[in-house]
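One structure is given below, encoded as structure tokens.
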Amino acid sequence: MTNRYTREQIAARVAQDIPEGAYVNLGIGLPTKVANYLPTEREVFLHSENGLLGMGPAPVPGEEDEDLINAGKQPVTLLVGGAYFHHSDSFAMMRGGHLDICVLGAFQVAANGDLANWHTGAPDAIPAVGGAMDLAIGAKQVFVMMDHQTKTGESKIVETCSYPLTGVACVNRIYTDMAVLEVTQAGLSVLEMAPGLTFEELQAATAVVLLPQAK
3 MTNRYTREQI AARVAQDIPE GAYVNLGIGL PTKVANYLPT EREVFLHSEN GLLGMGPAPV
63 PGEEDEDLIN AGKQPVTLLV GGAYFHHSDS FAMMRGGHLD ICVLGAFQVA ANGDLANWHT
123 GAPDAIPAVG GAMDLAIGAK QVFVMMDHQT KTGESKIVET CSYPLTGVAC VNRIYTDMAV
183 LEVTQAGLSV LEMAPGLTFE ELQAATAVVL LPQAK
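The sequence shown begins at 3 in the numbering used here and counts up by one.
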């Protein structure tokens, strides 16, 4: 199936939904790409759990500062007015409800918003939850960015997570390479789909019943 968003398009789509003045944590991996697509005229405060507030986009190749990294150890930039602080203060921000949005990757998301993103249970996997549990519970909204299916074609959107949970009923919105979905009390509502993709194709790729887009 070729009717899918690229990872860059997913990141740009998430950036559209981050409002002016928001305090936002970008999780490691795919979510870090969001920083590159935030409009320069929009003031958004990016937070990293290793003790940064006011991150900018990725640095130009050759201009990296080895002492300036995010939680995923990737080089980042710091905007004017940005700040460094101890990671214990950073976690206090996360747990204290001071972040408006966190954007996380996921192995699975359940229909009710349960999140599994830190461990697959595989014997050779290294369990490393980092600050994901603190973010999932502490942020006012949780956005998830992920592929819609595994490499073997299984839906990562499931009725019940089979992997260890990061947070219970914490996800508000899911951005995949096939669609943008809202977690509601009635179920997963389709907000939009990749161009050319039909609802029937999306439903066939998803392990839970979806609510169609409002006409």
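Beta carbons: idealized from backbone N, C-alpha and C, even for Gly.
Practice task
Could you tell me whether the Cβ atoms of G98 and G31 are closer together than 8 angstroms?
Solution key: no
Exercise for the section: In angstroms with no decimal places, state the Cα-to-Cα distance between Q143 and V182. Expected result: 15 angstroms
Practice task
List the endpoints of the continuous beta strand (DSSP E) containing I176.
Solution key: R175 to Y177
Practice task
Answer with buried or exposed for V160, where buried requires no fewer than 16 other C-beta atoms within 10 angstroms of its C-beta.
Solution key: The residue is buried, with at least 16 neighbouring Cβ atoms inside 10 Å.
Problem - Run of the alpha helix (DSSP H) containing G140, from where it starts to where it stops - result: A134 to G140
Practice task
Measure the alpha-carbon distance for S157 versus V210 and round it to whole angstroms.
Solution key: 9 angstroms
Handout entry: Contacting residues, own chain, Cβ-Cβ under 7 angstroms from V46 (five flanking each side not counted)
Key = Annotation for V46: I20, A24, V26 and L40 place their beta carbon closer than 7 angstroms to its own, counting only its chain and skipping 5 residues before and after.
Handout entry: Three-state secondary structure assigned by DSSP to T186
Key = strand
Handout entry: For L204 and V192, the rounded distance between their alpha carbons
Key = 10 angstroms
Problem - Length of the line joining the Cα atoms of H121 and M95 - result: 24 angstroms
Exercise for the section: Report the residue from I139, K35, H89 and D67 whose alpha carbon sits nearest the alpha carbon of Q11. Expected result: K35
Handout entry: Residue(s) in a DSSP beta bridge with Y39
Key = BP columns for Y39 are empty, so no partner.
Practice task
Can you have a look at N38 and say buried or exposed, based on whether 16 or more other CB atoms are within 10 angstroms of its CB?
Solution key: exposed
Practice task
Just the C-alpha distance for G219 and D116, rounded to the nearest angstrom, thanks.
Solution key: The chain is shown only over 3 to 217; residue 219 falls outside these bounds and no answer can be derived.
Exercise for the section: Report yes if the C-beta distance between V131 and V173 is below 8 angstroms; otherwise report no. Expected result: Not closer than 8 angstroms, so no.
Handout entry: Identified DSSP bridge partners for N27
Key = According to DSSP, N27 bridges with H49 and C104.
Exercise for the section: Check the DSSP bridge columns for F145 and list the partner residues they point to. Expected result: V105 and R175
Practice task
Note down, in chain order, each residue of its chain lying with its Cβ closer than 8 angstroms to the Cβ of A196, except the 5 sequence neighbours on either side.
Solution key: Excluding positions up to five away in sequence, the list reads N5, R6, Y7, D179, M180 and A181.
Exercise for the section: State yes or no: is the C-beta of F109 within less than 8 angstroms of the C-beta of D136? Expected result: no
Exercise for the section: Enumerate in chain order the residues of its own chain whose CB-to-CB distance from A13 is below 6 angstroms, with the five nearest sequence positions on each side excluded. Expected result: K35, V36 and Y39
Problem - Contact under 8 angstroms by Cβ, T79 with G64 - result: no
Practice task
Return the chain-ordered list of same chain residues with a C-beta closer than 6 angstroms to the C-beta of E51, the five sequence neighbours on each side being excluded.
Solution key: A73, S92 and G133
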